[in-house]
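One structure below.
2 protein chains.
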Amino acid sequence: MYCFFMNLKGSLPTLILEALSRGPSHGYEIASNIKRRSRGVLDFKEGTLYPALHTLERDGMVSSTSELEGGRTRRYYTLTDKGNLALEKSKLEWQRVSGAINGLLGGAT
Amino acid sequence: MYCFFMNLKGSLPTLILEALSRGPSHGYEIASNIKRRSRGVLDFKEGTLYPALHTLERDGMVSSTSELEGGRTRRYYTLTDKGNLALEKSKLEWQRVSGAINGLLGGAT
DNA sequence: AAACAATACATCGGAACTCGAGGCATTGCA
DNA sequence: TGCAATGCCTCGAGTTCCGATGTATTGTTT
Numbered sequence: 003m004y005c006f007f008m009n010l011k012g013s014l015p016t017l018i019l020e021a022l023s024r025g026p027s028h029g030y031e032i033a034s035n036i037k038r039r040s041r042g043v044l045d046f047k048e049g050t051l052y053p054a055l056h057t058l059e060r061d062g063m064v065s066s067t068s069e070l071e072g073g074r075t076r077r078y079y080t081l082t083d084k085g086n087l088a089l090e091k092s093k094l095e096w097q098r099v100s101g102a103i104n105g106l107l108g109g110a111t
Numbered sequence: 003m004y005c006f007f008m009n010l011k012g013s014l015p016t017l018i019l020e021a022l023s024r025g026p027s028h029g030y031e032i033a034s035n036i037k038r039r040s041r042g043v044l045d046f047k048e049g050t051l052y053p054a055l056h057t058l059e060r061d062g063m064v065s066s067t068s069e070l071e072g073g074r075t076r077r078y079y080t081l082t083d084k085g086n087l088a089l090e091k092s093k094l095e096w097q098r099v100s101g102a103i104n105g106l107l108g109g110a111t
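If you read the protein sequences in the order shown, they are chains A and B. The first sequence maps to residues 3 to 111 in my numbering. The second sequence maps to residues 3 to 111 in my numbering.
Take a look at the structure:
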């Protein structure tokens with residue numbers, strides 16, 4: 003049964019920032035939170051998530067500290083002011099674009 | 003001012019099929035209709051549109067006939083039954099995914 | 001008449017996003 | 001002992017999209 007993916011390229015950075023706006027977190031936790039809170043609809047893989055986190059840090063959207071907890075290495079990410087600003091902008095952009103698509107797919111003229 | 007693109011990878015084929023569900027049309031007209039009906043928010047370029055149309059035809063979602071009108075060559079595309087089915091599926095998928103993102107960006111738990 | 005925008009098609013290279021596969025290591029449960 | 005879950009990472013491949021470029025006609029403006 004043919005169906006387009008609707009990958010929503012570019013939504014992951016925004017979703018990561020949104021997750022971090024609730025407080026510092028680490029990669030694995032961010033991914034599982036997005037999956038859980040979307041009831042499994044949004045399920046980004048590790049090969050996508052970690053590079054995205056690195057890019058966000060490179061661009062100053064998040065900062066990170068590596069910590070050792072219970073034998074496991076965790077890299078905790080924190081939202082920066084710049085990242086918070088980008089989050090707000092991206093939320094508006096999402097509303098703008100998804101609203102437009104809804105208008106077309108919903109049947110508006 | 004940093005802001006993520008929200009390219010919405012994969013939405014163009016669905017938008018094309020939706021445009022064709024209103025009747026046969028040609029590439030240039032499909033693009034301008036999407037732009038006009040979305041009030042400029044959705045503005046896919048030619049380098050994106052024409053390859054997408056070719057892929058849709060290759061996959062049997064649309065069929066085309068080349069016609070000469072007023073000196074201009076126009077390739078008219080028509081939605082096939084397969085394309086119509088894919089459109090319905092993709093609409094549901096869009097609601098599923100965009101709804102999930104709305105849930106996260108809107109502040110739901 | 002010349003210049004230009006709009007219409008109309010197409011292809012190509014590069015950038016960006018995502019996945020799958022693979023690698024490495026620890027904890028905890030069966 | 002084996003296996004799932006946790007936790008990090010990288011690499012290659014596929015897909016989408018844009019910008020640039022090319023070709024050609026129509027209609028408007030200067």
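Quick reminder that beta carbons are idealized off the backbone N, C-alpha and C, glycines included.
Give a yes or no on whether the minimum CB-CB distance between residue i and chain B is below 8 Å.
i: A:V99; result: yes
i: A:G73; result: no
i: A:T16; result: yes
i: A:R60; result: no
i: A:A33; result: no
i: A:L22; result: no
Would you report the Cα separation of residue i and residue j, rounded to the nearest angstrom?
i: B:D45; j: B:S13; result: 12 Å
i: B:A33; j: A:G29; result: 39 Å
i: A:A21; j: B:R39; result: 33 Å
i: A:L107; j: B:K37; result: 14 Å
i: A:K47; j: B:S100; result: 19 Å
i: A:G42; j: B:N104; result: 14 Å
i: A:Q97; j: A:T50; result: 24 Å
i: A:H56; j: B:A102; result: 25 Å
With a threshold of 7 Å on Cβ separation, who are the neighbours of residue i within its own chain once the five nearest residues in sequence on each side are excluded?
i: A:G112; result: The structure shown does not extend to residue 112 of chain A, since chain A is modelled only from 3 through 111, so no value can be given for it.
i: B:P26; result: Y78, Y79, T80
i: A:S23; result: L81, N86, L89
i: B:A54; result: L14, P15, I18
Excluding the 5 residues preceding and the 5 following residue i in the sequence, name in chain order all residues of the same chain whose CB lies nearer than 8 Å to its CB.
i: B:L19; result: L58, M63, V64, L81, G85, N86, A88, L89, S92
Is there a Cβ from chain A that is less than 8 Å from the Cβ of residue i?
i: B:G105; result: yes
i: B:T69; result: The sequence given here places Glu at residue 69 of chain B; Thr does not occur at that position. No, because no Cβ of chain A sits closer than 8 Å to the Cβ of B:E69.
i: B:A102; result: yes
i: B:K37; result: no
Let's test the definition: count the other Cβ atoms within 10 Å of the Cβ of residue i and tell me whether it reaches 16, buried, or not, exposed.
i: B:T67; result: exposed
i: A:T16; result: buried
i: A:L70; result: exposed
i: A:L94; result: exposed
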